[in-house]
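The numbering used here applies: residue 142 is where the sequence shown begins, and numbers increase by one.
For glycine and all other residues, C-beta sits at the position ideal for the given N, C-alpha and C.
Beneath this line is the structure, given in structure tokens, with notes to follow.
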Amino acid sequence: MGLFRATIQHRRNVRLLISGVAPFDEWNDIWSDYFISVQEIRIGHFDRDTSIELLTRPTPDFPRDAISLELAEKIFERTGGLPHLLQLYGSVLINLLNNEGKKRKHASMSDFDAVEETVLEKGGNYFNYIVKNAPQAAREILMGLSRGGQVQLRDIKPKTRRWLAHRCLITDDGQLTIPVLARWIREEWE
């Protein structure tokens, strides 16, 4: 921690980027002592078009038909555009294409179930962190939403609503933003 702080203080042209799920005000005191001048930049979920573009054209030379539009739309639907999960689905897809006996050139909807199973396994630490570290009231809301329930935002206490909102977990109309998280909760947590 001291090295990070010294770097921030004594290197004018050096900036540190720290990425995580929880906002700094929820970290323990050692972090706030060392990073007193931190500026939090929240990156929410990507919109549909950005998500589809990242999945189907991650680089300019990526083959246009490698990931079907239907599959990319399904992945967007399952992730709600959460950057971490979009990247995980994309990584699993590319590994699937590259690792099968002979290299495949196209992924389609027939690959979705296998990809999501791998995402549930590889994303387990993220999903577990979200649910395990949720305050009890937020965890109860996540459990209810994972079973298809709905919640009225006005009925959620401000502290719980803030916790859920900082993690981009619920929509303005009280739905879970990440359906794959709901599946993980049903299969692994309950």
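As assigned by DSSP and simplified to three states, the class of I319: coil
Inter-residue Cα distance where the pair is I297 and E281: 11 Å
D252: buried (16+ other C-beta within 10 angstroms of its C-beta) or exposed? buried
Buried versus exposed call for F203 [16 or more other C-beta atoms within 10 Å across all chains shown]: exposed
Which of the three DSSP states, helix, strand or coil, is assigned to A94? Because the chain here runs from 142 to 331, residue 94 falls outside it and cannot be looked at.
Identify the continuous alpha helix (DSSP H) that holds L226 and give its terminal residues. P224 to N240
My understanding is that S138 touches L227, with C-beta atoms under 8 Å, so please give their C-beta distance in whole angstroms. Here the chain covers residues 142 to 331 and nothing more, so residue 138 does not appear.
Taking only the alpha-carbon atoms, compute the straight-line gap between A275 and H247 and give it to the nearest angstrom. 39 Å
Euclidean distance between Cα positions of R327 and R156: 40 Å
Helix, strand or coil at I297 [DSSP, three-state]: coil
Compare the C-alpha of G221 against each of L286, H186, D314 and L234 and name the closest. H186
In its own chain, which residues sit with a C-beta less than 6 Å from the C-beta of P320, not counting the 5 before and 5 after it? R219
Could you compute how far the alpha carbon of L212 sits from the alpha carbon of E181? 33 Å
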